[in-house]
Amino acid sequence: MARNTPGLSTEAPRVAAAGVNDFGKPGRGGPCPPVGRHRYVFKLCALSVRLPVLPRATKAQLERAMQGHVLAQARLAGTYSRGGH
352 MARNTPGLST EAPRVAAAGV NDFGKPGRGG PCPPVGRHRY VFKLCALSVR LPVLPRATKA
412 QLERAMQGHV LAQARLAGTY SRGGH
């Protein structure tokens, strides 16, 4: 089961919609690697249009909907390890 980061909400802002995460559920699940160090990449995109609601959209579906509308983007990469590994 995923653990949430203290102080970080799993709820999407009113103007946002949650897609499907790697756990197969909508919203954020937080880092929960089984063993060892894992890399996480977060991508933020500024779009020229508001996308239609895509219920339970996958990453591929979202990226297709965003094509031609990305004005700028930023990436944040980090690593996480469980139990000091």
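The sequence shown runs 352 to 436 under the working numbering. Note that CB positions come from ideal geometry on N, CA and C, so glycine has one too. Nothing here was measured: the structure is a model prediction, and the numbers come from that model.
Given 8 Å as the limit, is there contact between the segment 424-431 and the segment 392-411, that is, 3 or more CB pairs closer than that? yes
Which partner residues of Lys-394 appear in the DSSP bridge assignment?
-> In the sequence shown, counting from the first residue as 1, residue 394 sits at position 43. Listed as beta-bridge partners of Lys-394 by DSSP are Arg-426.
Would you mind working out which of Val-400, Tyr-431, Arg-407 sits nearest Gln-418, comparing C-alpha positions?
Here the question's residue 418 lines up with position 67 in the sequence shown. Out of Val-400, Tyr-431, Arg-407, Val-400 has the C-alpha closest to the C-alpha of Gln-418.
Identify which residue in Arg-407, Pro-385, Val-386 has its Cα closest to the Cα of Asn-372. In the sequence shown, counting from the first residue as 1, residue 372 sits at position 21. Selected option, being the one with the closest Cα: Arg-407.
Rounding to the nearest angstrom, what Cα-Cα distance links Pro-377 and Gly-370 in this structure? Numbered from 1 along the sequence shown, position 26 holds the residue referred to as residue 377. Numbered from 1 along the sequence shown, position 19 holds the residue referred to as residue 370. Roughly 5 Å between the two C-alpha positions.
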